[in-house]
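Sequences listed follow chains A and B, in order.
The first sequence lines up with residues 222 to 803 when you count with the numbering used here.
The second sequence lines up with residues 222 to 803 when you count with the numbering used here.
The beta carbon of each residue, even a glycine, is placed where N, CA and C say it ideally should be.
Keep in mind the model is a prediction, meaning the values are calculated, not measured.
Protein chains: 2
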Amino acid sequence: MKASRFFISTLKEAPADAEIISHQLMVRAGLIKKLGAGIYNYMPLGLRVLRKVEAIVREEMDRAGAVECTMPVVQPAELWQETGRFEKMGPELLRIQDRHGRDFVVQPTSEEVVTDIARQELRSHRQLPRNFYQIQTKFRDERRPRFGLMRGREFIMKDAYSFDKSREAAQLSYQAMRAAYQRIFDRFGLRYRAVRADSGAIGGDLSEEFQVIAATGEDAIVYCPDSDYAANMEKAEAAAPAHPRPAASQPRTLTPTPGKSTCAQVADLLGLALTQTVKSLVLATDTLDDAGQVAGSKVWLLLLRGDHDMNEVKVSKVPGLDAGFRFATVAEIEEHFGARPGYLGPLNLRKSVTIVADREVALMADWVCGANQEDFHITGVNWGRDLPEPDLVADLRNVVEGDPSPDGKGLLAIERGIEIGHVFYLGTKYSRAMNATFLAEDGKPAFFEMGCYGIGITRLPAAAIEQNHDERGIIWPDAIAPFTVVLCPIGMDRSEAVRAAAEQLHADLLAQGVDVILDDRGERPGAMFADWELIGVPHRVVLSERGLKEGQVEYQHRRDTEATRMALGAVLPHLLQKINQG
Amino acid sequence: MKASRFFISTLKEAPADAEIISHQLMVRAGLIKKLGAGIYNYMPLGLRVLRKVEAIVREEMDRAGAVECTMPVVQPAELWQETGRFEKMGPELLRIQDRHGRDFVVQPTSEEVVTDIARQELRSHRQLPRNFYQIQTKFRDERRPRFGLMRGREFIMKDAYSFDKSREAAQLSYQAMRAAYQRIFDRFGLRYRAVRADSGAIGGDLSEEFQVIAATGEDAIVYCPDSDYAANMEKAEAAAPAHPRPAASQPRTLTPTPGKSTCAQVADLLGLALTQTVKSLVLATDTLDDAGQVAGSKVWLLLLRGDHDMNEVKVSKVPGLDAGFRFATVAEIEEHFGARPGYLGPLNLRKSVTIVADREVALMADWVCGANQEDFHITGVNWGRDLPEPDLVADLRNVVEGDPSPDGKGLLAIERGIEIGHVFYLGTKYSRAMNATFLAEDGKPAFFEMGCYGIGITRLPAAAIEQNHDERGIIWPDAIAPFTVVLCPIGMDRSEAVRAAAEQLHADLLAQGVDVILDDRGERPGAMFADWELIGVPHRVVLSERGLKEGQVEYQHRRDTEATRMALGAVLPHLLQKINQG
Chain A
222 MKASRFFIST LKEAPADAEI ISHQLMVRAG LIKKLGAGIY NYMPLGLRVL
272 RKVEAIVREE MDRAGAVECT MPVVQPAELW QETGRFEKMG PELLRIQDRH
322 GRDFVVQPTS EEVVTDIARQ ELRSHRQLPR NFYQIQTKFR DERRPRFGLM
372 RGREFIMKDA YSFDKSREAA QLSYQAMRAA YQRIFDRFGL RYRAVRADSG
422 AIGGDLSEEF QVIAATGEDA IVYCPDSDYA ANMEKAEAAA PAHPRPAASQ
472 PRTLTPTPGK STCAQVADLL GLALTQTVKS LVLATDTLDD AGQVAGSKVW
522 LLLLRGDHDM NEVKVSKVPG LDAGFRFATV AEIEEHFGAR PGYLGPLNLR
572 KSVTIVADRE VALMADWVCG ANQEDFHITG VNWGRDLPEP DLVADLRNVV
622 EGDPSPDGKG LLAIERGIEI GHVFYLGTKY SRAMNATFLA EDGKPAFFEM
672 GCYGIGITRL PAAAIEQNHD ERGIIWPDAI APFTVVLCPI GMDRSEAVRA
722 AAEQLHADLL AQGVDVILDD RGERPGAMFA DWELIGVPHR VVLSERGLKE
772 GQVEYQHRRD TEATRMALGA VLPHLLQKIN QG
Chain B
222 MKASRFFIST LKEAPADAEI ISHQLMVRAG LIKKLGAGIY NYMPLGLRVL
272 RKVEAIVREE MDRAGAVECT MPVVQPAELW QETGRFEKMG PELLRIQDRH
322 GRDFVVQPTS EEVVTDIARQ ELRSHRQLPR NFYQIQTKFR DERRPRFGLM
372 RGREFIMKDA YSFDKSREAA QLSYQAMRAA YQRIFDRFGL RYRAVRADSG
422 AIGGDLSEEF QVIAATGEDA IVYCPDSDYA ANMEKAEAAA PAHPRPAASQ
472 PRTLTPTPGK STCAQVADLL GLALTQTVKS LVLATDTLDD AGQVAGSKVW
522 LLLLRGDHDM NEVKVSKVPG LDAGFRFATV AEIEEHFGAR PGYLGPLNLR
572 KSVTIVADRE VALMADWVCG ANQEDFHITG VNWGRDLPEP DLVADLRNVV
622 EGDPSPDGKG LLAIERGIEI GHVFYLGTKY SRAMNATFLA EDGKPAFFEM
672 GCYGIGITRL PAAAIEQNHD ERGIIWPDAI APFTVVLCPI GMDRSEAVRA
722 AAEQLHADLL AQGVDVILDD RGERPGAMFA DWELIGVPHR VVLSERGLKE
772 GQVEYQHRRD TEATRMALGA VLPHLLQKIN QG
């Protein structure tokens with residue numbers, strides 16, 4: 222490709238709304254161009270990156286036996302009503318009416334449509350397993366689109382859906398997709414982790430996120446440097462402490478803490494470690510009558526160590542809270558505790574509540590909690606002596622750096638990541654809702670066991686940039702660079718020697734199947750180099766008249782701090798070797 | 222590819238709503254699957270065809286110097302309001318509101334968005350010419366979607382847009398696109414014509430349609446077998462007759478024609494040729510006052526030969542009618558003619574009207590027309606003798622088979638076609654509306670001269686099928702077949718010889734880059750052959766144990782009536798030769 226026939230358009234300044242580096246660089250390098258909030262044109266350079274991402278995804282999906290199809294962007298609401306998602310999904314589901322007033326949605330995913338295909342097309346267990354995928358435009362009407370392609374409204378997703386005859390077979394399909402995802406992300410040349418994720422109501426461990434490691438990532442990834450344990454924050458288990466509960470050593474003491482309503486303030490005031498304090502969270506559950514009206518409510522007290530944060534996903538699995546919970550109202554709190562939030566605790570309750578202690582709290586001694594009396598806390602509290610053992614003990618909290626790994630093989634570390642893929646076992650959730658069955662080996666209809674598997678095609682380049690950039694611009698991995706090699710001839714319009722050498726090297730690289738661009742725009746060297754460093758093409762060759770007089774050109778990888786001089790004849794094999802390494 | 226890893230799903234019966242053969246065959250062969258009215262899933266086989274169409278289009282667009290990008294499916298209404306199309310376009314423009322109540326459209330084309338890109342990105346004449354294209358999902362909310370992908374609502378279109386600094390440069394860009402389109406349609410292996418089309422308000426000849434020839438086509442294509450003249454019906458010129466007007470030979474006679482209100486009925490009653498009759502069409506034009514209210518109207522009488530049909534596009538170019546016209550009301554007709562439609566004519570008018578005669582009518586003698594008196598016509602009417610020469614003479618009619626070609630090189634013929642491409646010079650229509658300018662060589666801002674160029678990616682396979690099918694199914698041209706070669710082994714599960722030969726040939730063809738599918742599904746020969754004839758793979762090789770014992774296999778092209786036996790070793794070179802021919 223010659224730059225004069227392509228479209229290069231770089232900017233010195235990033236737009237004001239570009240908060241993160243990938244957004245800034247994608248706009249500045251001319252990869253994307255904003256059309257509206259969360260809606261972007263994919264400009265020629267950006268589209269080349271997307272096409273390379275798609276090609277790798279497609280190859281590995283095909284290799285894994287998935288079959289590509291394309292489902293419509295605009296989908297009739299009827300199917301979405303069958304699963305209830307038309308009503309249940311919030312305003313992020315973009316709803317449309319056509320000229321006849323019929324309801325449609327712009328697809329955010331395609332579980333309903335693919336299940337509709339399956340229930341018509343897959344009639345027998347002999348047609349299973351089956352995996353359909355598409356690489357297609359999606360839309361989610363985000364309340365606050367931002368970060369460029371990282372959290373856009375219109376985006377491209379690869380979504381695959383597997384259909385199996387049994388849970389065991391579905392697990393094999395899941396593992397095959399998981400392996401394909403590893404090959405895909407390996408080929409992208411990105412540092413990533415596959416982390417366990419919560420699989421919601423379906424349970425089990427069959428849900429993993431693929432996270433590109435980046436300091437700027439929105440997600441916290443928990444992993445063990447000494448083992449292969451990795452999970453997202455929602456899922457990561459805080460292992461039960463191995464030590465026994467220490468014996469009580471302090472008397473229980475009502476202690477004035479005027480105006481100190483947080484654990485940190487209390488610890489500070491009393492000169493205690495924050496780890497000696499216990500925080501109280503008050504939840505409530507409702508029971509409904511046949512008409513769906515609240516018939517009664519129950520109040521729960523959750524106890525966490527002062528330095529720990531509640532993990533909602535874990536709390537939502539506590540028996541009794543697993544059908545849904547809410548935070549208690551101030552009235553409910555005053556009714557049961559006789560005090561306002563900030564001074565609550567499990568002692569001196571006005572009315573009984575169910576007490577759930579985090580595993581860590583259950584093994585504490587001599588701890589501090591609110592006294593259920595304004596401006597007072599109690600110190601030296603001990604289980605058994607001052608109050609009964611907790612009604613329930615459970616893992617309620619987010620893990621923190623240094624917690625023991627749940628596999629017992631070391632201590633947990635935390636880093637930031639950007640989710641770019643997700644593999645998920647769905648079970649029969651959609652097939653039951655849509656009555657999608659096949660004839661099983663016993664001749665009876667059975668519901669499909671399903672899985673779904675997504676990759677954010679347009680998010681991936683943004684994640685790659687968050688991980689790979691410097692102050693001059695993007696540094697693409699070879700596999701997804703818009704061009705692999707850029708040839709920068711200096712004074713090509715004046716020097717026949719430079720022109721001839723550049724054209725020849727361009728032709729030779731093309732003949733070897735290398736994705737090369739020759740910058741024949743006639744820019745001055747400084748501007749030309751700045752453009753390509755911003756755009757982030759990994760391999761650069763500079764050809765100048767002075768160098769060519771000595772038969773030399775300069776090679777520089779985008780990560781190199783200096784160029785390497787080499788013979789013109791040596792640069793082609795050098796590039797080929799470098800590219801194959803990449 | 223092995224069929225067991227792919228997805229083949231054929232149907233014996235076409236769905237009831239499939240009126241045309243391409244729709245029937247695409248559904249039966251499992252290329253597409255209906256999701257809603259005019260909305261289809263592209264199933265794996267169909268998607269393979271689309272990908273091949275796209276690849277050819279992409280290669281030739283790139284070769285012609287166009288640069289690919291992708292514009293959003295969901296587009297903010299603001300840009301569409303700048304050109305007025307948001308209000309002007311009918312309900313076929315699918316309008317959406319997002320969660321904040323802002324207006325959007327689902328793109329039917331992208332003139333607005335690409336012009337918005339150009340006015341930001343193309344600042345100097347030095348950046349021109351420039352051609353951006355995309356291959357992307359479109360939506361038109363057709364009132365009556367039908368014919369499968371031929372007239373769907375959601376479809377894929379390649380749309381390209383050229384930007385030039387002058388009308389002359391824009392014409393070069395147009396011609397470059399026209400040449401690219403010819404290469405594209407040549408490569409598809411379809412019989413097609415490039416026909417002149419009307420370019421609307423912009424005028425000139427810079428608008429051509431690419432029509433796939435098919436008896437079932439919706440469009441009439443006019444062409445001259447003895448020259449390269451070709452145009453669509455709207456555009457095709459009815460040349461002025463070369464003969465002079467014959468002398469009057471009959472007396473003007475008021476003739477009773479009770480109840481005969483059509484030319485055909487009158488000719489029949491009077492024993493005259495239909496070509497001797499003249500039909501009267503009454504139009505009206507309105508003048509508006511400053512408030513946009515109708516201030517006055519004018520009535521026009523158009524005269525066409527009895528066997529000719531009015532061509533609205535031509536009428537809309539008659540001076541005085543070119544700002545818009547309507548059919549006259551019955552009240553207007555009675556006011557001017559003193560009679561009801563069916564017995565109207567240019568003689569004995571109650572109130573004067575402007576008379577526009579078709580070129581043919583202007584040269585007629587002794588003709589028949591309505592008498593402006595119920596149940597009477599006048600025969601033997603002659604210009605000059607019985608009424609003044611017409612106010613205007615113009616080409617008002619559709620051409621008919623046998624008309625002289627406007628280039629004077631023979632007679633016109635008419636065939637049916639399916640429009641699958643359109644190249645169009647737009648001028649400054651959009652750049653003016655959106656104030657899209659660049660700095661011209663004189664340092665002043667100038668409006669872009671634009672062109673737009675479309676190819677119906679999803680319509681093309683349907684058109685190909687309308688042109689290429691038989692009673693057994695589709696017959697794909699090699700270039701866009703879902704697979705080029707199918708290997709049909711008989712009894713592969715029983716015969717190791719058959720399996721080994723089929724697997725080897727499959728591997729050899731793949732190594733040669735041939736797109737081959739090996740049918741390893743274990744179907745019986747009859748069902749297997751019927752499937753592949755329905756699907757329309759052009760080259761088939763049958764391997765059987767009996768044949769292989771003699772070292773023979775059978776080759777059959779989808780158009781062949783019989784198979785050809787050949788040595789196993791000869792089939793690979795035979796296929797390669799056949800494919801290169803195709």
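Distance between beta carbons of residue j and residue i, contact taken as under 8 Å
i, j, result
"B:Asp449", "B:Thr496", "B:Asp449 to B:Thr496, Cβ: 29 Å. No contact."
"A:Ile213", "B:Lys254", "Because chain A in this structure spans residues 222 to 803, residue 213 of chain A falls outside the shown range and cannot be described."
"B:Ile678", "B:Ile377", "4 Å"
"A:Asp616", "A:Thr575", "That pair is no contact at about 17 Å."
"B:Arg761", "B:Trp753", "6 Å"
"A:Asn812", "A:Gly563", "No statement about residue 812 of chain A is possible, as the shown extent of chain A runs from 222 to 803 and does not include it."
"A:Gln296", "B:Leu509", "Not a contact, Cβ separation roughly 44 Å."
Helix, strand or coil at residue i [DSSP, three-state]
i, result
"B:Lys255", "strand"
"A:Tyr395", "helix"
"B:Ala654", "helix"
"B:Lys538", "coil"
"A:Gly409", "Going by the sequence as given, residue 409 of chain A is Phe instead of Gly. In this structure, A:Phe409 counts as helix in the three-state DSSP scheme."
"A:Pro265", "helix"
"A:Glu636", "strand"
"B:Lys630", "coil"
"A:His795", "helix"
"B:Lys273", "helix"
"B:Ala592", "strand"
"B:His598", "strand"
"B:Ala615", "strand"
"A:Pro567", "coil"
Buried versus exposed call for residue i [16 or more other C-beta atoms within 10 Å across all chains shown]
i, result
"B:Thr705", "buried"
"B:Val551", "exposed"
"B:Asn656", "exposed"
"B:Ser492", "According to the sequence displayed, residue 492 of chain B carries Gly and not Ser. It is exposed - the Cβ of B:Gly492 has fewer than 16 other Cβ atoms within 10 Å."
"B:Lys770", "exposed"
"B:Val503", "buried"
"B:Phe325", "buried"
"B:Asp699", "buried"
"A:Ala748", "exposed"
"B:Leu349", "buried"
Those residues which DSSP pairs with residue i across a bridge
i, result
"A:Trp521", "A:Leu504, A:Thr575"
"A:Gln432", "A:Arg414, A:Glu640"
"B:Lys359", "B:Phe376"
"A:Tyr444", "A:Ala451, A:Ala634"
"B:Pro625", "B:Leu632"
"B:Pro710", "B:Leu764"
"A:Glu670", "A:Asp385"
Neighbour flag for residue i against chain D, beta carbons, 8 Å
i, result
"A:Ile678", "You won't find chain D in this structure, because its protein chains are A and B."
Scan the stretch 740-781 of chain B and note each continuous beta strand (DSSP E) run of 3 residues or more that stays entirely inside, going in chain order.
-> Runs found: 760-764, 773-778.
Of all the alpha helix (DSSP H) runs that stay within the bounds of the stretch 279-332 of chain A, which reach a length of 4 or more residues?
-> Counting only runs of 4 or more, we get 298-303, 306-309.
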